[in-house]
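Worksheet for the structure shown next.
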Amino acid sequence: MKYELITILGPTAVGKTRLAAKLAHRFNGQIISADSRQVYRGMDIGTGKDIADYTVNQKTIPYHLIDILPPNEEFNLFSFKKEFDTAFEKIKKKNKTPFLVGGTGLYLSAILKGYNLVDADFNSERFNQLMNLSQETLAETLLKINPEQHNTTDLKIKERIVKAIIIAEAEKDKSKIKKSEAINSLVIGVSRSRDEIKKSITSRLKTRLDEGMIDEVKNLIESGVPKEKLEFFGLEYKFISRYIYNEINYNDMFQKLNSAIHSFAKRQMTWFRKMEREGIRIHWINGPDEKAAAEIIDLEYFNKHA
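Count the sequence shown with our numbering and you get residues 2 to 307, in order.
Written as structure tokens, this is what we have:
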């Protein structure tokens with residue numbers, strides 16, 4: 002079966018965005034971002050949007066699913082799939098090559114495996130009712146509905162518990178389940194050695210702090226984004242907001258955040274290995290090697306044999 006999509010995935014800090022932009026320039030493509038936080042406006046440095054990377058040889062590569070919502074609005078897997086479908090159809094109608102690019106494993110798998118998704122309404126009266134209950138009551142409610150709770154982080158943040166309850170309740174209503182077909186994609190994985198990724202993460206974190214990442218989080222707070230939401234966004238927003246609220250000092254913030262990003266990169270790789278076990282073939286390349294990636298695309302996607 003012919004491929005309909007090119008996916009570029011890999012852990013954080015391996016150079017996926019710039020590589021994808023170069024490949025999209027080379028193969029007349031457009032990019033769909035598979036990043037759970039880059040959809041939000043005003044969250045630029047912390048999410049690593051690196052918008053300048055989308056300009057190749059004075060030409061800006063069109064991108065989708067970046068800067069589409071304010072941070073106080075809800076965006077989830079169902080929202081992502083809906084936005085992806087719209088962008089994917091637009092790109093195909095223009096006879097461009099669609100590239101799906103990112104490191105949010107759940108989003109990638111939803112497209113490549115064709116997940117059936119639940120349309121959960123987080124703007125409902127039910128959401129407001131649940132938010133008025135205590136965290137302990139909510140945790141008990143969730144465990145009653147779903148005793149085998151795999152994601153224990155859902156039990157630590159109130160908003161996550163409420164969302165998990167709403168999803169669990171919606172799953173009982175068959176009319177709210179949207180079936181979807183898997184998209185046949187050529188998948189290229191960008192990898193580096195663990196030591197290289199560690200060095201890259203630490204170096205990039207220092208650069209982003211120098212570029213004003215703390216001010217970015219301060220601006221979010223001043224614009225009305227609550228601390229609980231920043232905790233929900235995780236990593237940079239979680240630890241920097243704790244520093245701003247004087248819960249930890251600068252050195253602790255840096256060390257804890259650096260360590261958390263390293264752990265996040267490991268979890269990403271674990272997810273990608275799981276995807277492979279589930280039958281998704283990933284063509285791994287060493288670093289953001291444009292030549293190696295282009296050869297794979299020529300051969301596998303366009304069937305150009307040397």
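All C-beta atoms in this analysis are idealised placements derived from N, C-alpha and C, irrespective of residue type, glycine included.
{"Item": "Start and end residues, alpha helix (DSSP H) containing Ser201", "Value": "195-211"}
{"Item": "Contact set for Glu137: own chain, Cβ-Cβ below 6 angstroms, skip 5 residues either direction", "Value": "none"}
{"Item": "Endpoints, the alpha helix (DSSP H) within which Leu6 is located", "Value": "Leu6 -> not in any alpha helix (DSSP H); beta strand (DSSP E) instead, spanning 6-10."}
{"Item": "Range covered by the alpha helix (DSSP H) that runs through Gln31", "Value": "Taken as a continuous stretch (DSSP letters only), Gln31 belongs to no alpha helix (DSSP H), being part of the beta strand (DSSP E) at 30-35."}
{"Item": "Nearest neighbour of Gly235, chosen from Ala295, Lys257, Glu84 [CA to CA]", "Value": "Lys257"}
{"Item": "Residue closest to Ser110, alpha-carbon to alpha-carbon, out of Leu144, Ile283, Gly49, Ser204", "Value": "Ile283"}
{"Item": "Close Cβ partners of Tyr64 (< 8 angstroms) along its chain, the five nearest in sequence each way excluded", "Value": "Gln31, Ile32, Ile33, Ser34, Tyr55"}
{"Item": "Cα-Cα separation between Ala266 and Lys97, rounded to whole angstroms", "Value": "31 angstroms"}
{"Item": "Spatial neighbours of Ile146 in its chain, beta-carbon cut-off 8 angstroms, leaving aside the 5 residues before and after", "Value": "Ile166, Ala169, Glu170"}
{"Item": "Ile112 vs Glu232 beta-carbon contact at 9 angstroms", "Value": "no"}
{"Item": "Where Phe303 falls, given that 16 or more other Cβ within 10 Å makes a residue buried", "Value": "exposed"}
{"Item": "Touching by the beta-carbon criterion (3+ pairs, under 8 angstroms), the segment 180-190 and the segment 272-291", "Value": "yes"}
{"Item": "Counterpart residues of Ile283 in DSSP-defined beta bridges", "Value": "Val188"}
{"Item": "Residue interval of the beta strand (DSSP E) (run including Thr98)", "Value": "98-103"}
{"Item": "Proximity below 9 angstroms, CB of Thr13 to CB of Ile198", "Value": "yes"}
{"Item": "Short Cβ contact (9 angstroms threshold) for Gly47 with Ile241", "Value": "yes"}
{"Item": "Nearest neighbour of Ala261, chosen from Asp290, Ile298, Thr203, Arg209 [CA to CA]", "Value": "Thr203"}
{"Item": "Whole-angstrom distance between Val218 and Ile249, CA atom to CA atom", "Value": "15 angstroms"}
{"Item": "Where the alpha helix (DSSP H) containing Asn252 begins and where it ends", "Value": "251-278"}
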